[in-house]
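Residue numbers (the working numbering), protein chains in the order written: chain L, 25 to 822; chain X, 18 to 176.
Backbone N, C-alpha and C fix where the C-beta goes; we use that ideal spot for every residue, glycine too.
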């Protein structure tokens with residue numbers, strides 16, 4: 025491996041003299057991270073700061089009869105012990121529903137459980153002490169008298185009349201249900217040459233961010249302001265929620281997000297124990313710090329997936345897919361998570377199943393039920409890994425049934441590349457996809473024919489290898505259709521403010537935030553390109569509600585496509601302003617000038633007229649020399665939100681080559697490929713690394729990850745020794761390719777790329793395993809994770 | 018219940034006199050008492066490797082060794098190893114290859130990779146994968162890290 029320096033690419037329509045669009049420039053300020061000089065929230069220390077630890081319910085469902093603090097109050101270092109009832113006087117409860125998810129319901133959730141704990145791990149009492157260790161010591165001394173209640177743990181029986189209702193006021197345990205019936209499904213199945221039915225089961229996953237959730241809240245009673253240092257993906261959303269539930273004005277709350285040690289959707293939600301921290305700070309009038317330890321992360325960080333989907337596909341002998349039908353059931357814990365709700369994943373499954381294929385007949389039902397386990401909510405690629413596995417699993421089973429190559433079946437049914445725009449059966453709209461071009465490209469990259477030959481050679485030697493594919497679509501660049509229309513104050517638009525400093529450098533303040541994806545680099549690339557300076561002259565400011573335009577943050581693959589476009593437009597606007605100033609200095613026409621590499625030049629040439637530092641010097645320090653009536657405006661702000669399409673769908677295909685040891689059940693991943701179309705690629709290296717990281721997150725779910733619970737609602741493997749995550753040894757090299765179909769909604773044409781890897785990886789591993797085992801007469805494997813034990817079971821060996 | 022111990026050790030070339038509780042881990046001592054926050058706490062049970070530091074020349078989990086055990090030891094952290102320039106080429110390779118995203122695992126990953134590279138051999142990609150397989154990275158999927166370590170091994174060997 026040789027690391028090749030980035031080189032300017034050939035000019036494109038978007039290119040300007042300083043264009044960084046399409047270039048693999050390294051992210052700025054990475055030395056901070058490689059030298060251990062970052063500042064994560066877990067590193068933040070403030071004067072008079074105290075630490076909180078929580079007493080957490082050991083039961084999945086229990087009434088809190090009495091809390092005896094007396095021994096703990098006398099413990100060393102203890103500052104305060106606060107129960108849920110006491111904290112409820114400072115912070116109001118919330119209900120995680122949205123109006124556009126028709127019928128969704130949930131119960132009020134408190135920062136600390138008031139009289140009942142609804143999952144194992146829910147906080148029932150807070151201990152604030154001078155150090156975290158002392159707070160934990162005192163937690164041990166608190167006596168909680170619980171009355172254990174019957175837990176609801178199995179989604180399959182959650183709606184039965186005999187099952188207790190977790191929140192009696194709601195009437196039943198149904199959170200949300202959605203049904204869809206499009207075309208003539210029954211007729212299509214009846215007339216199909218073959219119909220395949222099976223059930224897919226997905227494990228419960230959690231994000232396992234390397235830095236656990238961290239927050240430091242500082243209520244300053246002197247200036248009546250709350251400053252919150254929080255590892256969050258959505259600073260403005262949290263500002264709104266802290267203000268709302270503490271009874272403050274939003275301008276009294278500042279959320280600061282510096283370095284964040286991983287997010288993946290884990291850090292975009294409201295966590296009760298974090299809401300308790302801001303309330304404790306207000307109550308105790310001092311900074312309070314909470315950093316979840318790994319064990320409490322496993323029982324409090326949102327979980328995801330845990331769906332059981334009955335799926336059915338109809339197919340004709342010529343490979344035409346005639347109909348899809350699914351019935352999805354998912355258990356989400358005792359509360360719908362605030363403010364994005366826990367109905368979105370199931371809703372996405374309904375939207376996305378069958379999505380790549382031109383099949384007009386589709387019936388779906390999704391039911392979301394309450395249970396006494398940790399809460400579930402949106403995690404990287406929300407719903408996509410499930411929908412893709414169901415769709416692609418059914419397509420492969422159908423292909424096997426009619427004896428057709430899986431690629432041929434896909435090619436037969438994928439929307440033609442010139443068919444767009446297209447509305448799929450579920451109602452989702454595609455502006456421009458590249459299904460066939462992507463498929464052709466991956467076949468070439470992997471040399472499909474050679475791989476099939478290798479498979480056959482290995483098979484003859486008793487080595488069982490499999491090839492699996494997964495076509496996928498990904499929701500990116502969401503408009504207000506995602507959350508705003510449902511009443512959530514979550515911004516779909518984003519803004520960028522750029523300013524020329526007094527030396528000719530550029531500051532860009534943006535509403536999107538950074539958790540390692542490279543948003544800072546992408547924003548800098550956009551501004552440098554549209555304004556006309558080298559990248560080292562751009563400084564990006566993000567993650568601070570006091571100092572950035574109002575925005576949504578970084579989630580749902582939106583930072584580059586939405587934040588990047590706002591930055592691109594703001595850079596252009598500032599260029600116009602600076603050229604107006606330069607023109608007035610030079611007594612020239614602004615239209616005759618341009619900015620190239622930090623210098624004002626005659627347009628279309630590199631003839632230098634005046635440097636930016638000289639423009640800045642005159643405008644800031646000698647404005648008296650400018651013509652009367654001219655005021656230089658060296659700051660510009662622009663906002664952007666997608667308007668033409670509710671979501672900008674991307675597409676692609678993944679392939680996996682793996683080997684199954686039929687004696688041990690172990691699976692070795694040999695190689696993985698992905699071709700992805702995210703429109704304009706702003707930074708190819710960053711896009712590729714988003715895809716690679718996403719693939720491995722998907723592979724973890726396919727092979728290892730599963731939050732195991734017993735029938736009493738006790739999590740059995742809530743630590744990193746027992747909950748297995750992908751480590752380097754088990755993971756393959758991954759080859760990434762691109763097809764480029766820009767969105768016409770923005771000038772840049774960039775779509776999102778953050779979740780495509782996770783969307784497709786589990787499905788193609790599943791298909792590869794089944795491809796390896798099919799000739800051995802194994803039962804098709806459709807329950808993730810595909811553990812060695814399950815492989816042996818499928819082979820009938822155990 | 019809490020007994021304190023006086024310890025003297027060398028951290029990043031500097032003599033440090035500390036007074037620690039017996040139960041305090043080395044990484045908590047580094048982070049909380051000395052504000053050397055480049056070593057990270059990811060799991061506190063020895064799985065993730067984010068707290069990796071060097072003690073007497075060998076990499077250890079900072080969460081699995083007590084500060085009091087390091088009395089008299091020579092401890093090196095990412096801050097010290099960055100300042101001496103020992104891994105400047107490796108850091109540059111990580112930055113150029115984007116072998117880090119959130120950066121939380123990176124200090125530990127760099128120290129672990131440097132241990133492999135210090136042998137002077139050019140390891141295979143599988144060797145690299147095996148050597149870093151005690152360091153958890155949720156962001157990158159490891160491929161770019163393997164690329165960066167491989168590139169530095171080849172460059173150091175003059176290949």
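Query	Result
Looking only at its chain, what residues have a beta carbon closer than 6 angstroms to the beta carbon of residue 37 (chain L), apart from the 5 residues adjacent to it on each side?	With a pLDDT of 48 at residue 37 (chain L), under the threshold of 50, the predicted position of this residue should be treated as unreliable, though the coordinate-derived value follows. So no residue of the chain qualifies.
May I have the straight-line CA-CA distance separating residue 69 (chain L) from residue 72 (chain X), to the nearest angstrom?	26 angstroms
Going along chain X, which residues have a C-beta under 7 angstroms from residue 62 (chain L)?	120
Within its chain, find whatever has a CB closer than 8 angstroms to the CB of residue 667 (chain L); leave out the 5 residues flanking it on each side and keep chain order.	503, 769
For chain L, find out if any of its Cβ atoms is closer than 8 angstroms to the Cβ of residue 108 (chain X); answer yes or no.	yes
Skipping 5 residues on each side, what residues in its chain have a beta carbon closer than 6 angstroms to that of residue 623 (chain L)?	632, 635
Tell me whether residue 372 (chain L) sits in a helix, a strand or coil according to DSSP, three-state version.	helix
Among all the DSSP beta bridges, which residues are the ones paired with residue 313 (chain L)?	L:75, L:240
Tell me the DSSP bridge mates of residue 225 (chain L)?	L:332, L:807
Within 10 angstroms of its Cβ, does residue 752 (chain L) collect 16 or more other Cβ (buried), or is it exposed?	buried
Please name the residue, chosen from L:65, L:673, L:682, L:74, that lies closest to residue 380 (chain L) on a Cα-to-Cα basis.	L:673
Which residues share a DSSP beta bridge with residue 118 (chain L)?	L:133
Determine whether the beta carbon atoms of residue 630 (chain L) and residue 587 (chain L) lie at a separation below 8 angstroms.	no
Out of L:735, L:397, L:137, L:645, state which residue places its alpha-carbon closest to the alpha-carbon of residue 527 (chain L).	L:645
Determine the closest residue to residue 581 (chain L) out of L:445, L:408, L:447, L:450, with distance taken between C-alpha atoms.	L:408
For a cutoff of 8 angstroms on Cβ pairs, would you count residue 480 (chain L) as touching chain X?	no
Who are the Cβ neighbours of residue 312 (chain L) in its own chain at under 6 angstroms, not counting the five residues just before and after it?	74, 76, 241, 301, 304, 305
So, is the C-beta of residue 138 (chain X) closer than 8 angstroms to a C-beta in chain L?	no
Should residue 570 (chain L) and residue 278 (chain L) be called a contact, given that it needs their Cβ atoms to be closer than 8 angstroms?	yes
Please confirm if the segment 685-698 of chain L is in contact with the segment 540-555 of chain L, defined as three or more CB-CB distances below 8 angstroms between the two stretches.	no
If you check the beta carbons only, do residue 609 (chain L) and residue 658 (chain L) fall under 8 angstroms apart?	no
What does the alpha-carbon distance come out to for the pair residue 578 (chain L) and residue 479 (chain L)?	42 angstroms
Taking all protein chains shown into account, decide if residue 28 (chain L) is buried (16 or more other Cβ within 10 angstroms of its Cβ) or exposed.	exposed
Scan the segment 224-238 of chain L for residues whose Cβ lies nearer than 9 angstroms to a Cβ of chain X and list them as they occur along the chain.	231, 232, 233, 234, 235, 236
How would you label residue 809 (chain L), buried or exposed, when you count the other beta carbons within 10 angstroms and need 16 or more for buried?	buried
With which residues is residue 92 (chain L) paired in a DSSP beta bridge?	L:167
Going by DSSP, what residue range makes up the alpha helix (DSSP H) through residue 823 (chain L)?	With chain L covering 25 to 822 only, the question about residue 823 (chain L) has no answer from this structure.
Is the Cβ of residue 37 (chain L) closer than 8 angstroms to any Cβ of chain X?	In this prediction, residue 37 (chain L) scores a pLDDT of 48, lower than 50, which makes its location untrustworthy; no coordinate-derived value is stated.
Within 7 angstroms: the Cβ of residue 292 (chain L) and any heavy atom of the ligand MG?	In the structure on display, the ligand MG does not appear, and there are no ligands present to speak of.
Ordered along the chain, which non-local residues of its own chain (more than five positions away) have a Cβ less than 7 angstroms from that of residue 462 (chain L)?	675, 676, 677, 699, 701, 763
Taking C-beta pairs closer than 7 angstroms, name the residues in chain L that residue 160 (chain X) reaches, listed in chain order.	716, 757, 758
Along chain X, which residues have their Cβ under 7 angstroms away from the Cβ of residue 72 (chain L)?	Correct list: empty, because the minimum Cβ distance to chain X is about 16 angstroms.
Is the beta carbon of residue 396 (chain L) closer than 8 angstroms to that of residue 209 (chain L)?	no
Output yes if chain L places a C-beta closer than 8 angstroms to the C-beta of residue 46 (chain X); else output no.	no
Mind listing which residues of the segment 140-157 of chain X have their C-beta closer than 9 angstroms to chain L's C-betas, in chain order?	142, 143, 145, 146, 147, 148, 149, 150, 151, 152, 153, 154, 155, 156, 157
So, does the segment 320-340 of chain L touch the segment 182-192 of chain L, judging by three or more C-beta pairs under 8 angstroms?	no
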